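Engineer: Okay, here's the structure, questions in a sec.
Number of protein chains: 2
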Amino acid sequence: MGLTKTEIFTTEQNQLAQLLKAMAHPARIAILEQIISANACICGDLVEELGLAQATISQHLKELKNAGIIQGTIEGVSVCYCINPATWRLLENQIGAFFKLYKGPANCC
Amino acid sequence: MGLTKTEIFTTEQNQLAQLLKAMAHPARIAILEQIISANACICGDLVEELGLAQATISQHLKELKNAGIIQGTIEGVSVCYCINPATWRLLENQIGAFFKLYKGPANCC
DNA sequence: AAATAACATCGTAATATTGCGATACAAAAA
DNA sequence: TTTTTGTATCGCAATATTACGATGTTATTT
């Protein structure tokens with residue numbers, strides 16, 4: 035096959051997996067770090083900063099945008115990408131809740 | 035192409051991406067939730083609980099194990115999988131640090 | 001209006017992931 | 001020792017991801 039069986043999982047499980055997947059690439063982590071540290075970043079800067087082609091960066095930005103993690107507003111000739119606060123908080127909370135499930139080592143292993 | 039250029043990123047970026055990727059699948063999230071809630075889980079239970087074939091579950095368990103997120107100890111006939119506390123804490127801290135980078139909306143968008 | 005600048009999209013090649021049936025394997029039970 | 005039980009691994013087909021050159025697109029300059 036090759037396609038995930040989303041229908042057998044809960045909405046929360048699918049949503050969290052999708053958001054994590056969007057972040058689960060070193061280039062996209064680097065992009066997010068850049069966007070956050072620059073506090074408003076445009077694609078051109080990222081191409082210079084990271085060592086990837088413009089087309090590749092643009093594609094990664096698209097994935098982050100599709101996942102709702104970032105948002106882009108046109109600013110003259112260039113595009114200003116920044117964090118989508120709502121999704122960021124949502125993901126932070128979802129992940130936080132997930133990690134809090136674990137109460138430490140069990141008595142079995 | 036088709037292979038990630040890990041050499042142009044930092045060790046931290048690659049490590050975080052790899053751990054996130056290991057979690058970025060609804061089945062693996064469901065598996066982790068099961069392992070945590072059962073506080074020691076074996077593969078057989080998971081096959082009944084989730085709607086995936088035994089071979090598929092075993093493969094997902096292998097990925098979580100390779101990433102260091104879970105560990106398995108042989109317990110008689112079956113295998114007892116549980117959370118690897120060290121990796122769990124590491125990931126929790128890495129993610130926490132990452133999310134704390136963001137200080138709220140910038141003044142640009 | 002033509003040229004430029006900054007991104008986006010298309011098309012493609014290489015590789016990775018997902019899922020599962022079939023089969024192998026190792027430990028315990030019969 | 002044979003059988004059973006619980007997992008792991010193999011091999012395959014379908015699909016997804018990654019990267020990038022080439023080409024579009026859109027808004028600003030000139």
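First to last, the sequence lines map onto chains A and B. Numbering-wise (the working numbering), the first sequence opens with residue 35 and increments by one. Numbering-wise (the working numbering), the second sequence opens with residue 35 and increments by one. Don't be surprised by glycine CBs; every beta carbon is placed ideally from N, CA and C. In this text the structure is predicted, and so the values were computed from the model without any measurement.
Using a Cβ-Cβ cut-off of 8 Å, state whether A/Lys55 counts as contacting chain B.
Structural biologist: Closer than 8 Å: yes.
Engineer: Could you name the residues of chain A that B/Gln94 contacts, counting a contact when the two beta carbons are closer than 9 Å?
Structural biologist: Note that residue 94 of chain B corresponds to His in the displayed sequence, not to Gln. Near B/His94 there are no residues of chain A at all, since even the closest Cβ is about 11 Å away, more than 9 Å.
Engineer: Is A/Lys96 buried or exposed, if buried means 16 or more other CB atoms sit within 10 Å of its CB?
Structural biologist: So A/Lys96 counts as exposed.
Engineer: Is there at least one Cβ from chain B nearer than 8 Å to A/Leu80's Cβ?
Structural biologist: It does not; no Cβ of chain B falls within 8 Å.
Engineer: Tell me which residues share the same chain as B/Thr45 and place their Cβ nearer than 7 Å to its Cβ, disregarding the 5 neighbours each side in the sequence.
Structural biologist: Hits under 7 Å: none found.
Engineer: Going residue by residue through the region 62-139 of chain A, where are the continuous beta strand (DSSP E) segments of at least 3 residues, counting only ones entirely within it?
Structural biologist: Listed in chain order, they are 104-109, 112-117.
Engineer: To which residues of the same chain is B/Ala101 closer than 7 Å at the C-beta, ignoring the five residues directly before and after it?
Structural biologist: Cβ within range, chain order: Gln52, Leu53, Ala56.
Engineer: Tell me, please, whether the CB atom of B/Ala100 is closer than 8 Å to any CB atom in chain A?
Structural biologist: The sequence shown places Asn at residue 100 of chain B, rather than the Ala named in the question. No, no contact with chain A.
Engineer: Between the alpha carbons of A/Tyr115 and B/Leu135, how many angstroms are there, rounded?
Structural biologist: Roughly 16 Å separates the two Cα atoms.
Engineer: Below 9 Å on C-beta distance, what does B/Ile42 contact in chain A?
Structural biologist: Ordered by position in chain A, the residues that pass the 9 Å Cβ test against B/Ile42 are Pro60, Ala61, Ala64, Leu84, Gly85, Leu86.
Engineer: Three-state secondary structure (DSSP) at A/Ala56?
Structural biologist: Helix.
Engineer: Select from the region 115-127 of chain A all residues with a C-beta closer than 7 Å to any C-beta belonging to chain B, and list them in chain order.
Structural biologist: Flagged, chain order: Cys116, Ile117, Pro119, Trp122, Glu126.
Engineer: Counting only beta-carbon separations shorter than 8 Å, does A/Glu97 have a partner in chain B?
Structural biologist: Chain B contact via Cβ: absent.
Engineer: Would you mind giving the Cβ-Cβ distance between A/Gln47 and B/Ile63, rounded to the nearest angstrom? I have them listed as a contact below 8 Å.
Structural biologist: Right, the Cβ-Cβ distance comes to about 5 Å (below 8 Å), so this counts as a contact.
Engineer: Are A/Leu84 and B/Ile42 touching if we call contact CB-CB under 8 Å?
Structural biologist: In contact: A/Leu84 and B/Ile42 (Cβ atoms closer than 8 Å).
Engineer: Let me know the secondary structure DSSP gives B/Leu37 once reduced to three states.
Structural biologist: Residue state, collapsed to three classes: coil.
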